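Visitor: Have a look at this one before I ask anything.
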Ligand code: HEC
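So this is what it looks like as structure tokens:
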């Protein structure tokens with residue numbers, strides 16, 4: 017990637033200065049007034065789009081050759097200009113992220129100038145397209161443990177979507193393991209819309225693991241919790257259970273921590289594994305695997321998943337617990353276009369924030385994370401002004417952020433349940449909060465380490481105590 021980044025920067029720079037209107041007498045051969053595919057556009061597409069836009073990729077079309085990209089020139093201009101493609105929704109004003117897919121303004125301008133100039137191919141030949149791993153793991157070593165779906169393969173329908181469902185399995189561990197990298201890998205790219213895994217200390221209360229249908233008229237599968245009367249326990253959202261560990265979206269799939277940081281997978285944990293499958297347009301079977309890479313050496317901090325919802329405000333009013341101690345979030349009325357929700361978290365110890373994941377469903381509109389230090393100084397650490405529920409992106413901070421005790425973290429968001437929201441499946445519906453896809457969620461996730469929880473110190477103390 018870094019190699020490509022250099023080429024792209026150079027190519028985009030050239031195009032930016034050259035892409036002005038044709039100046040008076042300059043001969044076109046001297047001044048390439050319109051960027052060309054071979055010289056300027058291909059490097060941008062290869063570096064920023066090829067991961068998804070290639071034969072067998074998850075995007076609807078390949079953009080690797082001139083012939084493939086040419087018909088899409090106007091669409092490429094439009095989608096990159098509105099920053100809908102590549103899928104990356106952080107406001108570039110705030111924060112720096114190591115997994116950013118954002119194009120530079122110069123790259124966006126180059127693509128637009130190419131489209132407006134008739135999308136020429138140009139002389140010579142384009143650089144050769146990047147080689148993408150087809151089935152190999154993104155990590156360049158074999159996993160320490162591979163987990164397969166409890167039912168093996170899933171027969172996909174010839175077309176359309178499969179309702180989101182969750183299956184369960186016990187971790188096959190003989191002891192607790194520190195996990196430094198996790199990868200979710202489908203055998204058929206384009207067949208997994210998203211997949212999430214959570215760790216839970218047990219099955220849902222009152223159930224035993226068995227076989228059942230995971231949605232109405234669905235196939236009978238292994239890995240389904242069953243109630244005493246044989247009824248299957250169903251949920252469309254694994255992240256509603258236990259501790260969310262990872263959310264796969266196409267183009268992602270690898271969660272990797274720096275040396276010394278790891279997640280703890282306990283021997284007795286269960287995995288709740290959520291899947292939203294889509295047909296790639298042919299009746300194929302898909303297999304999905306999870307690869308786990310254990311920490312090399314002893315980790316010094318456990319990565320914890322926190323949420324910013326210690327207090328919740330709905331349209332400015334704090335949500336109090338009811339008589340049973342539960343905080344029941346009121347429904348979002350049909351048509352409500354700017355329904356506000358804010359979560360806060362007051363820190364009583366020093367932490368380090370590594371990444372953020374704003375999680376909402378189809379009515380999600382925007383979410384912004386702000387840190388307010390005890391002296392009142394405010395910093396916006398992530399702003400997603402146009403939330404897209406189809407791209408559940410974890411924003412990984414370029415440099416981990418230390419946040420002092422006494423600080424307040426705020427996550428403010430809005431929901432749009434009106435017809436103006438292009439993702440809204442039904443603007444006439446009142447929307448409940450819950451785990452189903454057609455219900456809503458407001459979960460501002462943080463991946464943090466607690467500075468005090470230094471495992472090296474704990475190990476030393478254990479050693480001394482022996
Ligand atoms: C992480 C995967 C991914 C990356 C990276 C990506 N795309 Fe896409 N793209 C998709 C998917 C999936 C769709 C179809 C669904 C959607 O629109 O979200 C799509 C749709 C599009 C469309 C709309 C096609 C239509 O039917 O109108 C255009 C144009 C496009 N992408 C251009 C690009 C360009 C240009 C880049 C790089 C600068 C890029 N994409 C990077 C996954 C990706």
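Residue numbers (our numbering): 17 to 482. For each residue, glycine too, the CB sits at the ideal point set by N, CA and C. These figures come from a predicted structure and were not determined experimentally.
Which residues in the same chain have their Cβ closer than 6 Å to the Cβ of residue 282, if we skip the five residues on either side of it in sequence?
Guide: The beta carbon of residue 282 sits closer than 6 Å to those of 192, all from its chain and outside the five residues before and after it, given in chain order.
Visitor: Alpha helix (DSSP H) containing residue 82: first to last residue?
Guide: 82–85
Visitor: Measure the Cβ-Cβ separation of residue 348 and residue 433 and say whether it is below 8 Å.
Guide: yes
Visitor: Mark residue 381 as exposed unless 16 or more other C-beta atoms lie within 10 angstroms of its C-beta, in which case mark it buried.
Guide: Result: buried.
Visitor: Around the Cβ of residue 474, are there at least 16 other Cβ atoms within 10 angstroms (buried) or fewer (exposed)?
Guide: Exposed, by the Cβ-count rule.
Visitor: Residue 362 and residue 424: beta carbons closer than 8 Å?
Guide: yes
Visitor: What is the rounded straight-line gap between the Cα of residue 322 and the Cα of residue 148?
Guide: 34 Å
Visitor: If contact is defined by three or more beta carbon pairs under 8 Å, each pair taking one atom from either stretch, is the segment 369–384 in contact with the segment 412–432?
Guide: Output reads yes: the segment 369–384 touches the segment 412–432.
Visitor: Looking at C-alpha atoms only, which residue of 272, 183, 88, 54 is the closest neighbour of residue 153?
Guide: 272
Visitor: Please tell me whether residue 146 and residue 62 are closer than 8 Å, where the distance is taken between their beta carbons.
Guide: yes
Visitor: Give the straight-line distance between the Cα atoms of residue 196 and residue 309, rounded to the nearest whole angstrom.
Guide: 6 Å
Visitor: Put residue 56 into one of helix, strand or coil per three-state DSSP.
Guide: helix
Visitor: Under a Cβ-count criterion, where at least 16 other Cβ atoms within 10 Å of its own Cβ denotes burial, should residue 168 be classed as buried or exposed?
Guide: exposed
Visitor: Confirm, please, whether the CB-CB distance from residue 102 to residue 64 is below 8 Å.
Guide: yes
Visitor: Using 10 angstroms around the beta-carbon of residue 410, count the other beta-carbons present and answer buried if the total reaches 16, otherwise exposed.
Guide: A residue is called buried once 16 or more other Cβ atoms fall within 10 Å of its Cβ, and residue 410 is buried on that count.
Visitor: Between residue 472 and the rest of its own chain, which residues show a CB-CB distance below 6 Å, the 5 nearest in sequence each way excluded?
Guide: 316
Visitor: First and last residue of the alpha helix (DSSP H) that includes residue 97?
Guide: 89–97
Visitor: Starting from the C-beta of residue 10, find all residues in its chain whose C-beta is less than 6 Å away, skip the five residues before and the five after it, and write them out in chain order.
Guide: The shown model of the chain, from 17 to 482, leaves out residue 10, and the question about it has no answer.
Visitor: Would you check whether the ligand HEC has a heavy atom nearer than 7 Å to the C-beta of residue 117?
Guide: Yes, Cβ of residue 117 sits closer than 7 Å to a heavy atom of the ligand HEC.
Visitor: May I ask you to check if the CB of residue 148 is nearer than 7 Å to at least one heavy atom of the ligand HEC?
Guide: Checking every heavy atom of the ligand HEC against the Cβ of residue 148, none is found closer than 7 Å.
Visitor: What residue does the alpha helix (DSSP H) around residue 204 start on, and which one ends it?
Guide: Note, residue 204: premise wrong, no alpha helix (DSSP H); not H, not E.
Visitor: Quick one: which unbroken beta strand (DSSP E) runs of 3-plus residues sit fully inside the segment 314–366? Chain order, please.
Guide: 320–323, 327–330, 355–362
Visitor: Please report the distance separating the alpha-carbon of residue 220 from that of residue 241.
Guide: 7 Å
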